[in-house]
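Number of protein chains: 2
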Amino acid sequence: MSHGFADLIVNNSENNADLRYASGFAAPDTFLYFAMDGKRFIAVSDLEFDRAVKEAKPGVTVLNLRKLAPPGSDFAAVIAEIQKQFGVARFRVPLDFPFGLAEKLRRGNIALEAASGAFFPERSCKSEAEIALIREALAVTEKGMRCAFELLGASSIADDGKLLLDGEVFTSERLRREIDSELARQGASGIGTIAAGGVQGACPHLRGEGPLYAHTPIVMDIFPRHNDSGYYGDLTRTVVKGRAPAIVKKAFDAVYTVREECKAMIRAGVAGHIPHDHAFARLTELGFPTGESEKGFYGFFHGLGHGVGLEIHEAPRLSRKVAHPLQCGEVVTVEPGVYDPAWGGLRLEDMVVVREDHAECLTRIETFLEID
Amino acid sequence: MSHGFADLIVNNSENNADLRYASGFAAPDTFLYFAMDGKRFIAVSDLEFDRAVKEAKPGVTVLNLRKLAPPGSDFAAVIAEIQKQFGVARFRVPLDFPFGLAEKLRRGNIALEAASGAFFPERSCKSEAEIALIREALAVTEKGMRCAFELLGASSIADDGKLLLDGEVFTSERLRREIDSELARQGASGIGTIAAGGVQGACPHLRGEGPLYAHTPIVMDIFPRHNDSGYYGDLTRTVVKGRAPAIVKKAFDAVYTVREECKAMIRAGVAGHIPHDHAFARLTELGFPTGESEKGFYGFFHGLGHGVGLEIHEAPRLSRKVAHPLQCGEVVTVEPGVYDPAWGGLRLEDMVVVREDHAECLTRIETFLEID
């Protein structure tokens, strides 16, 4: 009988990346994961048992909740039973462990402590198998982007500058839905797809609404989750239907240059702030300083990139003051952008894998500005 | 200066229905909601501020996180500041409040207590405006189902009984993706869509994989979230391409009859177990008893229905032992089904609004068994 620490997660693995990572099992209903002395277990309901046995990661033992504790037991009772049967002295739980359950366990004299940071810090370094799944998610993402390019190519320009498609005004809403529809057809879910034209593109959080216009940049940021694997792709391109104004061409050249320079700087051991600071300084140098006017923020006011895996935003960050040295197998976005409430935004985003001596770019789709 | 209780939620409102409900503001990044003395506030980042002011519910005051606490403050510091500025004695938080943050607050001598149950029990009773949004989500869901009907109608039957579409074997995967693609085109996200044929349909948690076959039931359960409103639709139909075997016809007649009987029983004041128990007894009477054989469970072994709103499964439940009397405005599914590892499953699901003296059916799409 051991008397040690056990790791414990109680959640559903569709929303909780740590649980999905640890168990390999995707389920919309809450289940339980615990691990001690190098052994890993999940406990699931009757209805999920067979599927869990088939789908759980090698090395994960699947238990039946009904057999672990009397029928009708809640998770607190199941955990009390596990504590007894496995001789657990103390459970280590993630920061997002549900407070209500924690309180109940403590009232039952079960010792809990929250992890001091990431529950599985090793999650940031992807195996080659994980990188293959991310590549697959990104390939679907690129199909969504290609669909957008084709629709913009097929659109025409009305006298008032609005884009027309199939005889109707072509809106951001329509473009987002067409992209999401293509992603779904390819087996991925796009939640939050951005297709923001003109000055809407100056606010990186706007998804885009209303008619799209010619001769002004359209920022498209597509970041679906693959339904089978749970891994994300992340891709941004900015295009102009028609002719780009001089300032937009200048922004495109600057952002493109900086993206390529940053990718060339990334390798194992480089601190996360280094490529970010480079992007900030170079964009300033190339004519795009950062600041705030009465109209809002302008320049480059977000992080250069972030890790991507079972979460769309995860460790590591490429951002100001991030001292973390990049590690082999980390997958990060490189997405410099410049924004100006006067003319809109221009962001270009690729994904790379950190390797020993270089960054391997995963993104295959081309980068260009104008669509005829 | 008040010295009372304040409600507090810290989460992102894309995954947290209570926060979406309280704030009206949809955001993928974590923000903070608090309420006291009948006043409600959200605190969001600089980048989200303008959109939050535009989109938050009437009566919700939007604060800027940066102005509430010094730049770089974490949520614990922001909450300490709120406690001071608003004279909060104690925060009431939801059961799923993050444990890591709770521990940090307690170390800072901030008093917290978990809600005893649902954070907003009133969420189960929908306003007419919410019912309109659910109707809209369900209309999109029906478009997804109609797309499935059409594809099955357009498919042909190969000599070995497999379905063919566009000259290829028509699989569950293809059908699910086509449904999800249609949902996305209509502005909703289908995560977990089920299209399970033959004996796969006997396991209500299987999504379906591999070739679809003629003359055997295909269970299709579609439950997307509308991207704009966040409300869900939920709809199940079971169809046979070709001719249904006698046992499947018998199951269809029984489940259809029971669904209609249950809908006719639902009104304000009826306890949640009443229609469920009725369904269980009547299905037994109609030749579909419930039990477990060496092959698995058979009969009717899940709840009759559940509430639907900003979550796909929410209060109230229509299930064994549920004493809760239904209330006006509650929106629930009515989804009897029978399953048998020998031949598959048959489930039919509508959605209704509980009214004073009847259940108003929201589902419009027809119910039938065979597709030619």
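Chains as they are written, first to last, in my numbering: chain U, 1 to 372; chain H, 1001 to 1372. By construction, the Cβ of each residue, glycine as well, lies at the ideal position given by its N, Cα and C atoms. Given the structure is predicted, the values throughout are model-derived calculations rather than measurements.
Residues of chain H whose Cβ lies closer than 9 Å to the Cβ of GLU48/U are, in chain order, HIS1205. Per DSSP, the unbroken beta strand (DSSP E) holding ILE1222/H starts and ends at 1217–1222. Using a Cβ-Cβ cut-off of 8 Å, ILE191/U counts as an interface residue toward chain H, since at least one Cβ of chain H sits closer than that to its own. When secondary structure is reduced to three states using DSSP, GLY153/U falls in the helix class.
For TYR1021/H, the enclosing alpha helix (DSSP H) has its first and last residue at 1017–1023. Contact between the region 1268–1278 of chain H and the region 1195–1208 of chain H is absent: fewer than 3 CB-CB pairs across the two stretches fall below 8 Å.
Around the beta carbon of GLU122/U, fewer than 16 other beta carbons lie within 10 angstroms, which makes this residue exposed. With at least 16 other beta carbons inside 10 angstroms of its own, GLU1335/H counts as buried. Proximity of PRO121/U to chain H, defined by a Cβ-Cβ separation below 8 Å, is not satisfied.
Residue nearest to TYR1256/H within the set GLU1103/H, LEU1283/H, ARG1243/H is LEU1283/H (criterion: CA-CA distance). Selection PRO245/U, TYR232/U, ARG237/U, ILE222/U evaluated against THR216/U yields PRO245/U as nearest (Cα-Cα). LEU138/U has its alpha-carbon roughly 25 Å from the corresponding atom of PHE301/U. Taking each of GLY190/U, GLU103/U, VAL10/U, PRO58/U in turn and checking the Cα distance to VAL44/U, the smallest one comes out for VAL10/U.
Leaving aside the five residues that flank PHE119/U on each side, the residues in its chain whose CB is nearer than 7 Å to its CB run, in chain order, ASP18, PRO94. Restricting attention to GLU370/U, ILE247/U, ARG51/U, ALA271/U, the CA atom closest to the CA of GLY344/U is found in ILE247/U.
Taking a C-beta distance under 8 Å as the contact criterion, ILE1179/H and ALA1214/H do not qualify as a contact pair. ASP1228/H is positioned such that its CB atom lies no closer than 8 Å to that of ARG1092/H.
Every unbroken stretch of the beta strand (DSSP E) spanning 3 or more residues and falling wholly within the region 303–344 of chain U is given here in chain order: 305–307, 314–318, 331–334, 337–340. Taken atom to atom, the span from the alpha-carbon of ARG1225/H to that of ILE82/U is near 36 Å.
Around the CB of GLU1103/H, 16 or more other CB atoms lie within 10 Å, so the residue is classed as buried.
For the C-beta of LEU183/U, the chain H residues within less than 8 Å are, from N- to C-terminus, ALA1184. For the pair GLU1048/H and PHE1075/H, the CB atoms are not nearer than the 8 Å cut-off. About 5 Å separates the beta carbon of VAL62/U from that of ALA52/U, a gap short enough to meet the 8 Å contact definition. Between ASP234/U and GLU349/U, the C-beta spacing is below 8 Å. For ILE1009/H, the uninterrupted beta strand (DSSP E) segment begins and ends at 1005–1011. Take LYS1250/H, set aside five residues on each side of it, and the residues of its chain with a beta-carbon closer than 7 Å to its own are GLY1287, in chain order. Per DSSP, the continuous beta strand (DSSP E) segment holding TYR33/U begins and ends at 31–36. At a C-beta separation below 9 Å, ARG1177/H has these neighbours in chain U: ALA184, ARG185, GLN186, GLY187, ASN227. The beta strand (DSSP E) runs lying completely inside the region 1074–1150 of chain H and spanning 3 residues or more are 1090–1093, 1112–1114, given in chain order.
Note: TYR1213/H is bridge-paired with LYS1162/H in the DSSP secondary-structure output.
Residue environment: LYS241/U is assigned as buried (16 or more neighbouring CB atoms within 10 Å of its CB, all protein chains considered). Below the 9 Å Cβ cutoff, chain H contributes no neighbours of VAL258/U, its closest Cβ being approximately 21 Å away.
For LEU1019/H, there are no C-beta contacts with chain U under 8 Å, since the nearest C-beta of that chain is about 14 Å from it. Cβ atoms of ARG267/U and ASP357/U come within 8 Å of each other, at about 5 Å. The beta carbon of ASP1096/H sits closer than 8 Å to some beta carbon of chain U. Within 7 Å of the CB of GLU1103/H, the CB atoms of chain U belong to ALA114, in sequence order along the chain.
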